[in-house]
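Everything below concerns the one structure shown next.
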Amino acid sequence: MAGYSREVARRVFAQEFRESTLTFKDGEDQYAPQYLMTPTGARVNRLFIVGTLVEKEDIGTDSEYWRGRVIDPTGSFMIYAGQYQPEAAQALAECEIPAFVAIVGKPSTYTTGEGDVHTSVRPESMHIVDGQTRDLWVIDTARKTLTRLKELEGGSDSPDVAKAKEYYSPDVKHYYSMVSQALVSLKETY
Amino acid sequence: MKETSQEIYSKFQELGVEIPLQDIEDRLDKMVSKFKVPKEEARRSVVNYFLKEHNIPRNQFYTGQSESSLMKISELNVDGKWVNIKGKVVQLWENTHESISQVGLIADETGTIKFTKWGSAEFPEVTEGQSYLFKSVVVNEWNGKFQLNMNKSSSVEQLDEDITVGTSTITFTGALVDIQSGSGLIKRCPQCNRALTKGACMEHGKVDGVYDLRIKAVLDDGIIAQDAIIKRDLAEEMTGLTLESAIALAADALDQGVVLEEMKKLLVGKYYTATGSRVERYLLVDSLVQRSAMDPQELDELIAAAEVV
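In structure tokens form, the structure reads like this:
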């Protein structure tokens, strides 16, 4: 019996997250974990994001249901927290905007009538952090994304890379420039 | 068939017993051809027969050919593998079962593992603080944890050297993504120091617990999620909450959970570098430093790497 192991929180920039459309389950079991595959081949069941919370709104009718928008240098993450994410919902309700926040959460997708896939984050937790942590996250995420891009280019034989290639045939340059843009924005603030 | 009998023959010869080759071959042949026993089974049964005949203990025959190799404790991650281990008995526990002779912990420079010496193991009891070479012990997985079993075919040799334990420290840098339940203000059993769940100790039942602070954190670097345990003094240092103030906080709120909440607020979502020793799946943290400023040089390097195309 293999012990339960916690899903690693992946680092993905908002732009790449928004451009992700492939979800799949690892196995047939109804409890098998659900993954979102990003264009550069990150297999995401859990995410770690640090960014600026710029908007929040309670869009619930009967009970509280919070929507927030978190900005990183490449775009924004939509986050939704309701009664099943009590910790995060409470944190959203209490916090003032704008604020630097660190979010650990699960990816979720929604397909519109037109067949467009919208990605959002269902936060497990949200905490207020400082600007330095946010900068560290940008560096961290840039590094992880570059590693994935290298694997895409280098013809790595990992199944995740193959899957991402086959499904997205990603424009590697597009993502290199996304990373570059994020890093340069960091440089400018120095 | 010839080969197998030859093999068995020479094996017994090593043990100083001369068995006519023809006898072995006849027996094997009878098993395989007449009684349709698979070859491997036939071989085993023939060996067992002659062992009994000549009164040779089984382990004497099998240890010689055992494939157990000398391994480090941190490498023990395959259920059912036979290994040899050089290690120091660092702790012996009270054993609870009559068929068990001794239970405790063995450590080497790479880690610590629980061992069970069954009553069937035919070597004298080990003593705490002594280093040994354990031969032909078997790795066993239970509840996702690995342990060592010493049984009939195991043996032990005392070592003169003193094995230094747990000196291997590991460093892990990542984001602190979660603090798990069982953290914050907890109570421990005054007898065995185990953390209590709902006021009861697994071993000693309902007891008057002793307060303690600890943090069971998950550090995540995007590749690995590492469980880490932060003990009281370090937890106090990181949060600025002393045990006394935590108790006061909990008393005010009539809820121990507020301490955990407070710790989460202070620590989760930030980047840390933790140093400590590994015990099973946990990192026992000796030092925890928040990574604050980013390194401009690192930034420049990454920018260069992103410009490649």
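First to last, the sequence lines map onto chains H and X.
Position one of the first sequence corresponds to residue 18 (my numbering), numbered consecutively onward.
Position one of the second sequence corresponds to residue 1467 (my numbering), numbered consecutively onward.
Every residue, glycine too, gets a C-beta built ideally from N, C-alpha and C.
In this text, all values refer to a predicted model and were calculated from it rather than measured experimentally.
Taking only three categories from DSSP, how would you classify residue i?
i, result
"H1563(X)", "coil"
"G44(H)", "coil"
"Y97(H)", "strand"
"Q1624(X)", "strand"
"T206(H)", "coil"
"E36(H)", "coil"
"E1575(X)", "coil"
"T69(H)", "strand"
"G1723(X)", "helix"
"A1714(X)", "helix"
"E1541(X)", "helix"
"S1532(X)", "Here the model assigns S1532(X) a pLDDT of 49, short of 50, so the residue's position is not dependable, and the following value carries that caveat. Note: S1532(X) maps to coil in three-state DSSP."
"S1597(X)", "strand"
"T57(H)", "coil"
"T1708(X)", "coil"
"K1611(X)", "strand"
"S1753(X)", "strand"
"S1586(X)", "coil"
"T78(H)", "coil"
"V1483(X)", "coil"
"R13(H)", "Beyond the ends of chain H as shown, which are 18 and 207, falls residue 13(H); an answer cannot be given."
Starting from the C-beta of residue i, find all residues in its chain whose C-beta is less than 7 Å away, skip the five residues before and the five after it, and write them out in chain order.
i, result
"E1588(X)", "K1618"
"K1538(X)", "D1574 and T1576"
"D43(H)", "A49, P50 and Y52"
"V71(H)", "R86, I88, I114 and P115"
"A31(H)", "D89, T91, G92, S93 and F94"
"A110(H)", "E81 and W83"
"E1746(X)", "K1611"
"V61(H)", "R27, V29, Y52, L53, T55 and P124"
"S1471(X)", "L1487, I1490, E1491 and L1494"
"S22(H)", "none"
"M1668(X)", "R1660"
Just to confirm, is the Cβ distance from residue i to residue j under 7 Å?
i, j, result
"A1712(X)", "L1754(X)", "no"
"A1694(X)", "A1701(X)", "no"
"V118(H)", "T126(H)", "no"
"S80(H)", "R86(H)", "no"
"V146(H)", "G1735(X)", "yes"
"I1474(X)", "V1498(X)", "no"
"D1687(X)", "G1640(X)", "yes"
"L39(H)", "R1757(X)", "no"
"Y1748(X)", "L1642(X)", "no"
"I1629(X)", "K1554(X)", "yes"
"L1487(X)", "A1508(X)", "no"
"K1580(X)", "S1567(X)", "no"
"V138(H)", "I96(H)", "yes"
"E104(H)", "G122(H)", "no"
"V1631(X)", "F1600(X)", "no"
"F65(H)", "A108(H)", "no"
"S1586(X)", "S1602(X)", "no"
"I1485(X)", "F1527(X)", "no"
"V67(H)", "R160(H)", "no"
"A1772(X)", "S197(H)", "yes"
"A1717(X)", "V1725(X)", "no"
Going by beta carbon distance, what residues of the same chain come within less than 6 Å of residue i, once the five residues before and after it are set aside?
i, result
"N1606(X)", "Q1613 and N1615"
"D1644(X)", "V1684"
"T158(H)", "R28 and F30"
"Y184(H)", "L39"
"L1536(X)", "N1550"
Return the chain-ordered list of same chain residues with a C-beta closer than 8 Å to the C-beta of residue i, the five sequence neighbours on each side being excluded.
i, result
"Q1557(X)", "G1570, L1571 and E1594"
"L169(H)", "T57, G58, V178, A181, K182, P187 and V189"
"H1670(X)", "C1655, Q1657 and C1658"
"Y192(H)", "E33, P56, T57, T162 and L166"
"M1729(X)", "I1645, S1649, G1650, I1681, A1701, T1705 and L1707"
"D1545(X)", "V1605, N1606, E1607 and F1612"
"C112(H)", "L70, K73, V118, M143 and I145"
Name, please, each residue of chain A whose Cβ falls closer than 8 Å to the Cβ of residue i.
i, result
"L200(H)", "The structure shown has no chain A; the protein chains it does contain are H and X."
Mind checking the region 124 to 142 of chain H against chain X and listing, in chain order, the residues whose C-beta falls within less than 9 Å of any C-beta there?
E141 and S142
Inside the region 112 to 198 of chain H only - alpha helix (DSSP H) runs reaching at least 4 residues
148 to 170 and 176 to 185
Quick one: which residues of the region 1680 to 1691 of chain X get their C-beta closer than 7 Å to a C-beta of chain H? List them in chain order.
V1684, D1686, G1688, I1689, I1690 and A1691
Mind pulling the beta strand (DSSP E) runs of 3 or more residues that sit fully within the region 1627 to 1668 of chain X?
1635 to 1645 and 1650 to 1654
Selection of the region 1730 to 1758 of chain X by Cβ proximity to chain H, strictly under 8 Å
K1730, K1731, V1734, G1735, K1736, Y1737, R1747, R1757 and S1758
Name the residues in the region 150 to 168 of chain H whose C-beta lies less than 7 Å from a C-beta of chain X; which are they?
Of all residues in the region 150 to 168 of chain H, only T150, D152, L153, I156, D157, A159, R160, K161 and L163 come within less than 7 Å of chain X when Cβ atoms are compared, listed by chain position.
Using a Cβ cut-off of 8 Å, which residues of the region 1628 to 1656 of chain X contact any Cβ in chain H, in chain order?
Correct list: A1641, V1643 and D1644.
Residues of the region 65 to 76 of chain H with a CB closer than 9 Å to any CB of chain X: list them in chain order, please.
F65 and V67
Could you please tell me which residues of the region 26 to 49 of chain H, in chain order, have their CB closer than 9 Å to any CB of chain X?
Answer set for the region 26 to 49 of chain H: A26, R27 and R28.
Tell me which residues of the region 1760 to 1772 of chain X have at least one Cβ-Cβ distance to chain H shorter than 7 Å, keeping chain order.
M1760, P1762, E1764, L1765, L1768, I1769, A1771 and A1772
Identify every run of the alpha helix (DSSP H) within the region 1488 to 1524 of chain X, keeping only runs that are complete inside it and at least 4 residues long; order them along the chain.
Here the runs fully enclosed are 1505 to 1519.
Which of the residues in the region 175 to 191 of chain H, read from start to end, lie with their CB under 9 Å from any CB of chain X?
The residues in question are V189 and K190.
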